[in-house]
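Data block below; observations after.
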Ligand code: BEZ
């Protein structure tokens with residue numbers, strides 16, 4: 024079977040998140056307004072009333088206090104109608120007591136899915152892949168994940184990545200492999216000989232080599 028050409032744009036890390044207006048479960052929404060003064064996690068799921076998606080959306084809903092504490096708003100998306108979304112949210116709430124309070128975009132015309140590279144025809148021509156975009160309060164895309172239809176995402180990793188980005192911004196540091204909150208962070212390599220001398224004299228740092236040093240942050 025021939026693959027239909029789908030005009031997707033693929034946003035990149037560092038791009039300004041493409042703006043859009045959409046119908047959502049909490050009403051009509053303009054993304055750039057929603058993103059004002061807070062981080063946003065925009066994520067897509069392939070379809071309502073499907074098992075993996077239900078576990079993922081419940082995972083996001085169960086972490087609402089965490090995301091609020093980290094100044095982060097959630098917004099979901101799938102290529103389903105608003106009626107389907109409302110029926111699914113209601114069904115999950117009735118069956119499990121978990122309410123998806125964050126807005127879910129009804130992207131029937133695939134406008135937002137195409138803007139964010141969520142339609143990947145080798146995987147599906149009609150359903151969005153499992154995408155995650157972490158967008159900072161200036162509107163810049165800071166992290167992107169794409170997962171296929173048959174593998175659910177990892178909530179611990181999404182939370183870890185968000186904390187890592189926010190900590191990196193606050194302390195101007197980088198995070199090593201498998202970094203977890205509380206672990207030491209990586210400080211930038213010196214760019215001058217004077218900087219190197221200062222680095223060598225700094226007894227607070229864990230210095231593995233001149234370009235690789237770690238420190239604790241409070
Ligand atoms: C699911 O969420 O279970 C699912 C959705 C679309 C394709 C495969 C699995």
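In my numbering, the protein residues as written are 24 to 241.
Beta carbons are placed, not taken as given, at the ideal position from N, Cα and C, and that holds for glycine.
Report yes if the C-beta of residue i is less than 6 Å from at least one heavy atom of the ligand BEZ; otherwise report no.
| i | result |
| --- | --- |
| residue 172 | yes |
| residue 73 | yes |
| residue 69 | yes |
Taking the alpha carbon of residue i as the reference point, which residue from the options has its own alpha carbon closest?
| i | options | result |
| --- | --- | --- |
| residue 150 | 102, 219 and 227 | 102 |
| residue 242 | 59, 130 and 90 | Outside the displayed range of the chain (24 to 241) lies residue 242, so it cannot be described from this structure. |
| residue 157 | 185, 232 and 239 | 185 |
| residue 208 | 227, 59 and 120 | 227 |
| residue 154 | 64, 109, 222 and 204 | 64 |
| residue 139 | 168, 189 and 174 | 168 |
| residue 210 | 89, 77 and 195 | 195 |
| residue 243 | 241, 179 and 200 | The question about residue 243 has no answer here: the residues shown for the chain are numbered 24 through 241. |
| residue 51 | 125, 77 and 83 | 125 |
Which same chain residues, not among the five before or five after residue i, have their C-beta less than 6 Å away from its C-beta?
| i | result |
| --- | --- |
| residue 55 | 42 |
| residue 46 | 105 and 129 |
| residue 81 | 121 |
| residue 96 | 61 and 63 |
| residue 222 | 213 |
| residue 53 | 44 |
| residue 232 | none |
| residue 166 | 157 and 184 |
Give me, in chain order, the residues of the same chain whose beta-carbon lies closer than 8 Å to that of residue i; leave out the 5 immediate sequence neighbours on both sides.
| i | result |
| --- | --- |
| residue 112 | 48, 122, 123 and 127 |
| residue 147 | 69 and 172 |
| residue 25 | At residue 25, the pLDDT of 49 sits below 50, so the modelled position is not reliable and the matter cannot be decided from this model. |
| residue 163 | 37, 38, 39 and 40 |
| residue 229 | 207, 236, 237 and 238 |
Should residue i go down as buried or exposed, given a rule of 16 or more other Cβ atoms within 10 Å for buried?
| i | result |
| --- | --- |
| residue 35 | exposed |
| residue 216 | exposed |
| residue 187 | buried |
| residue 115 | buried |
| residue 220 | exposed |
| residue 181 | buried |
| residue 79 | buried |
| residue 239 | exposed |
| residue 224 | exposed |
| residue 72 | exposed |
| residue 99 | buried |
| residue 174 | exposed |
Skipping 5 residues on each side, what residues in its chain have a beta carbon closer than 7 Å to that of residue i?
| i | result |
| --- | --- |
| residue 30 | 137 |
| residue 234 | 212 |
| residue 191 | 197 and 198 |
| residue 94 | 61 and 62 |
| residue 77 | 115 |
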